[in-house]
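S.K.: For the sequence shown, position 117 matches number 117 in the working numbering, and the numbering has no gaps at all.
For each residue, glycine too, the CB sits at the ideal point set by N, CA and C.
Here's a structure for you.
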Amino acid sequence: MAQSRAGLATPDPSAASPRALRRDLLVASALVVLAAIAYGQTLGYGFVYDDVASIVQNPSVHGLSSFFARGFGGRPNRLLAYLTFAANYEVSGLEPAGYHLVNVVIHVLNAALVYALVLVTFRTPVARRSALAPWASAIGF
């Protein structure tokens, strides 16, 4: 709560209400459930497309020590992806399920970040006055 000039407590517009927190938790849960429905069956599949060249045939991602010793996976434009491949290799070798699970988790986290970004954007002074502002949660979802 902020204080007005008269010393009275005024609601902080950036503070989330309990109702908004419940809504956001529901949205996050829905993202996880939808991702599990859409991608759950992929955990049992093997490597596809560029996975063979990027993971199986790339000794630079066969462990964290190889990753750092061989120039960060060999592709600086995919540094984070190759770092996750090297970490996956440390945990599960060339078992594809771990790689697929990490990929799904990364995508769910990115969806949650997009949702949060939309909510924060609609809390800015200009966007708050928009006719779309009451629909910020639905737009983010």
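Along the chain, which unbroken stretches of the beta strand (DSSP E) at least 3 residues long are found entirely within the region 79-135?
M.R.: none
S.K.: Start and end of the alpha helix (DSSP H) containing ASP50?
M.R.: ASP50 -> no alpha helix (DSSP H), and no H or E assigned at all.
S.K.: Cα-Cα, which of SER130, VAL104 and ALA127 is closest to VAL33?
M.R.: Selected option, being the one with the closest Cα: VAL104.
S.K.: Here's the rule I'm using: 16 or more other beta-carbon atoms within 10 Å means buried, otherwise exposed. How should ILE37 be labelled?
M.R.: exposed
S.K.: How would you call LEU113, buried or exposed, if buried means at least 16 neighbouring beta carbons within 10 angstroms?
M.R.: exposed
S.K.: Please look up how many angstroms separate the CB atoms of LEU101 and LEU43, rounded, as I've assumed it's under 8 Å.
M.R.: 6 Å
S.K.: Secondary structure at ASN77, three-state DSSP: helix, strand or coil?
M.R.: helix
S.K.: For LEU25, count neighbouring Cβ atoms within 10 angstroms of its own Cβ and tell me buried if that reaches 16, exposed if not.
M.R.: exposed
S.K.: Which residues in the same chain as PHE47 place their Cβ atom closer than 7 Å to its Cβ, once the five residues preceding and following it in sequence are excluded?
M.R.: For PHE47, same chain residues with a beta-carbon under 7 Å away, outside a window of 5 residues either side, are ILE55, VAL56 and PRO96 in chain order.
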